[in-house]
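Novice: First residue of the sequence shown: 270, per the numbering used here; consecutive thereafter.
Virtual Cβ for every residue (Gly too), placed ideally from N, Cα, C.
Handing you a structure now.
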Amino acid sequence: MTTPHPGRIRPRRTRTTPAVRRLVAQTRLHPAELVLPVFVREGLTEPRPITSMPGVLQHTRDSLRGALAQAAEAGIGGVMLFAVPEHRDATGSQATDPDGILNVAIADAVAEVGDALVVQADLCLDEFTDHGHCGVLTPSGAVDNDATLVRYAEMALAQAAAGAHLVGLSGMMDGQTGVVRDALDDAGHDDVAVLAYAAKYASAFYGPFREAVESQLEGDRRTYQMDPANRREAAREVAIDVAEGADVIMVKPAMSYLDVLADVAAVSPVPVAAYQVSGEYAMLEAAAAQGWIERRRAIVESVLSIRRAGADHVLTYYATELAGWLAEETR
Ligand code: PBG
270 MTTPHPGRIR
280 PRRTRTTPAV
290 RRLVAQTRLH
300 PAELVLPVFV
310 REGLTEPRPI
320 TSMPGVLQHT
330 RDSLRGALAQ
340 AAEAGIGGVM
350 LFAVPEHRDA
360 TGSQATDPDG
370 ILNVAIADAV
380 AEVGDALVVQ
390 ADLCLDEFTD
400 HGHCGVLTPS
410 GAVDNDATLV
420 RYAEMALAQA
430 AAGAHLVGLS
440 GMMDGQTGVV
450 RDALDDAGHD
460 DVAVLAYAAK
470 YASAFYGPFR
480 EAVESQLEGD
490 RRTYQMDPAN
500 RREAAREVAI
510 DVAEGADVIM
520 VKPAMSYLDV
530 LADVAAVSPV
540 PVAAYQVSGE
550 YAMLEAAAAQ
560 GWIERRRAIV
570 ESVLSIRRAG
580 ADHVLTYYAT
590 ELAGWLAEET
600 R
């Protein structure tokens, strides 16, 4: 019996010590590329826990300011604001009322952390409509694309007036990016940036978010959000949004769509965001709570994977906590 000659080529050499692993790490996380989604609820006197998202709260206007100050302290890149109004109606009128909860929260956020963080707001009607759809409906109950665009343009103006740096178009209506860009420019808000949720899929992983915003939706969003089966279509959606003037585009959800993210990152001429959504958060939390996965390692690995697949920045409910860990590691 001869001993096999050991190979000269040994990839394990660059894995032998923490120092060499650190040297050759191809992807790194930095607080600046993390964006924290936050919820504010009109009429609360105390922050309220969201059962399906342990650790995430519906904020009061006051507690929101605290969370934002903490996020800025941790050095993250930005926040994405979602708001839950007390009253809803068919056209989502609270979305465009300057005194509506989202618009006042934008102004609060800009006042509190506007120099440190990019203040972004969700531009969509679903939190504001009594039927829970992302747009207004035709008499027969279908989502009316072009009538919705009129509302989105009005919403963009309300958010820009409140001081939003960037509006996040999450409604998946055709033509929304161009219509909002035009409305902002016509009103002199040409500095307000547009984030287009270009490839947003009709996903079961938004489940806990529906609790977070007390969604009134019955049924689903499959006539406007993308079919999870489709990969090629993402490139088309991105091309359209870029042509219509998107400053940043997004793939959402993240973890089940890393192939789409990699495709999009390879061709996008603008920064690419990815959203680690509520259901992804809930899965990690549930498994970690059972002791079935190591919480911190799993969180870091999940966000690292999203970056590795090509996201320039990541929306994650872990943004502030993760930024704290990153600061510990580099000390
Ligand atoms: C729509 C919107 C949704 C999410 C962000 N924006 C819900 C939906 O499309 O049904 C989901 C985010 C998450 O699940 O964390 N305004």
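May I ask you to list the residues that DSSP assigns as paired with Gln-485?
Specialist: Partner(s): none; Gln-485 has no beta bridge.
Novice: With DSSP collapsed to three states, give me the class of Leu-573.
Specialist: helix
Novice: Assuming Ala-336 contacts Val-307 under a Cβ cut-off of 8 Å, what Cβ separation, rounded to an integer in Å, is found between them?
Specialist: That pair is a contact at about 6 Å.
Novice: What separation, rounded to the nearest whole angstrom, lies between the Cα atoms of Gly-514 and Thr-446?
Specialist: 7 Å
Novice: Using alpha carbons as the reference points, say which of Leu-464, Asp-415 and Val-412 lies closest to Ala-433.
Specialist: Leu-464
Novice: Note the first and the last residue of the continuous beta strand (DSSP E) segment covering Arg-310.
Specialist: Arg-310: member of the beta strand (DSSP E) spanning 303-310, first to last residue.
Novice: Excluding the 5 residues flanking Gly-312 on each side, which residues of the same chain have their C-beta closer than 7 Å to its C-beta?
Specialist: Glu-355
Novice: Which two residues bound the contiguous beta strand (DSSP E) that contains Tyr-466?
Specialist: 462-469
Novice: Can the beta-carbon of Ala-543 be found closer than 8 Å to that of Val-511?
Specialist: no
Novice: DSSP state of Tyr-587, grouped into three classes?
Specialist: coil
Novice: With hydrogens ignored, establish whether the beta-carbon of Gly-410 is closer than 7 Å to any heavy atom of ligand 1.
Specialist: Answer for Gly-410: no, Cβ out of range of ligand 1.
Novice: Starting from the C-beta of Ala-301, find all residues in its chain whose C-beta is less than 6 Å away, skip the five residues before and the five after it, and write them out in chain order.
Specialist: Gly-346
Novice: With distance defined between alpha-carbon atoms, name the residue in Thr-272, Val-482 and Pro-477 nearest to Ile-370.
Specialist: The candidate whose alpha carbon is nearest that of Ile-370 is Val-482.
Novice: What is the DSSP secondary structure of Pro-479, counted as helix, strand or coil?
Specialist: The sequence shown places Arg at residue 479, not Pro. DSSP places Arg-479 in helix when its eight states are reduced to three.
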